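Position 57 of the sequence shown, counting from 1, maps to 198 under our numbering, and the rest follow consecutively.
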Amino acid sequence: ARAMVDKRGWPKPAAWGITQNESLWQSFDSITDRSIIIEWSLSDNYRTQMMEPGDRVIFWITGKNGGLARLGFVLKVTPTPGGHWKDALGRRHKAPYSGQFYLPPLPNRRYIHRSAFVGKPAMSDCELLGAAAHSQPPLRIEPKEWTVIKRELIRFDRTNYDFRAPWPIRENVAVNTHSCR
């Protein structure tokens with residue numbers, strides 16, 4: 142298990158990762174919660190300071206049955222009153238910052254299992270898949286990792302025809318139709 146690398150000098154990531162342990166995920170079930178604007182606790186570090194409205198964000202469940210639960214955008218990042226953040230059930234957690242995020246719903250109770258990302262060379266250093274996943278968010282998702290995630294999102298979308306837009310979707314990314322699994 143590698144420690145989280147200090148990436149202060151690195152350019153802004155392609156997206157931010159917000160993680161939650163799979164056993165605690167029920168208290169804010171991002172798979173079933175249809176809210177599109179949610180609040181989440183953030184750590185007090187240079188990563189939180191780098192977050193800006195409009196940045197992409199991925200909500201990720203850690204653990205062996207974890208994976209990508211929701212994705213969206215940062216709306217704002219603010220210091221929490223009294224250094225505490227209240228979750229959806231009204232419980233207080235020690236957290237110096239919280240973010241407000243816009244998360245369009247994913248199809249109900251569907252998510253992309255972590256196995257879709259494990260073993261892909263571009264994901265070998267991904268913080269979501271290593272020991273860093275247990276650090277307080279935000280985590281960094283680098284451009285090459287975002288490319289893999291985007292490809293899986295497009296594949297996932299193609300399996301959800303009930304949620305298809307009535308107009309054709311033009312994708313400017315080439316999707317590999319040959320699975321290597």
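The beta-carbon is built from N, C-alpha and C at its ideal position, and this holds for glycine as well. In this text, all values refer to a predicted model and were calculated from it rather than measured experimentally.
If we call anything under 8 Å between Cβ atoms a contact, is residue i one with residue j?
{"i": "Met-192", "j": "Trp-226", "result": "no"}
{"i": "Leu-244", "j": "Gly-213", "result": "yes"}
{"i": "Ile-282", "j": "Leu-269", "result": "yes"}
{"i": "Gln-190", "j": "Lys-217", "result": "no"}
{"i": "Gly-204", "j": "Ile-253", "result": "no"}
{"i": "Pro-220", "j": "Tyr-238", "result": "yes"}
{"i": "Arg-299", "j": "Leu-247", "result": "no"}
{"i": "Thr-160", "j": "Pro-278", "result": "yes"}
{"i": "Ala-263", "j": "Glu-286", "result": "yes"}
DSSP three-state label for residue i, please.
{"i": "Ala-236", "result": "coil"}
{"i": "Val-289", "result": "helix"}
{"i": "Arg-188", "result": "helix"}
{"i": "Thr-211", "result": "This sequence places Arg at residue 211; Thr is not what is there. Arg-211: strand per DSSP, three-state reduction."}
{"i": "Phe-297", "result": "helix"}
{"i": "Val-316", "result": "Residue placement at Val-316 is poorly supported in this model, since its pLDDT is 49, which falls under 50; the coordinates still yield a value, given next. If DSSP states are grouped into helix, strand and coil, Val-316 belongs with coil."}
{"i": "Pro-152", "result": "coil"}
{"i": "Ser-182", "result": "strand"}
{"i": "Gly-223", "result": "helix"}
{"i": "Arg-251", "result": "coil"}
{"i": "Asp-147", "result": "coil"}
Can you tell which of the options has the C-alpha that lies nearest to the C-alpha of residue i?
{"i": "Asp-196", "options": "Asn-186, Ile-178 and Val-215", "result": "Val-215"}
{"i": "Ala-236", "options": "Gly-224, Phe-200 and Leu-230", "result": "Gly-224"}
{"i": "Ile-177", "options": "Phe-200, Lys-153 and Trp-287", "result": "Phe-200"}
{"i": "Lys-153", "options": "Met-264, Trp-181 and Val-198", "result": "Val-198"}
{"i": "Gly-150", "options": "Arg-251, Pro-262, Gly-271 and Arg-188", "result": "Arg-188"}
{"i": "Asn-186", "options": "Pro-194, Lys-148 and Asn-206", "result": "Lys-148"}
Is there at least one Cβ from chain B nearer than 8 Å to residue i's Cβ?
{"i": "His-234", "result": "This model lacks chain B altogether, as it is built from one protein chain only."}
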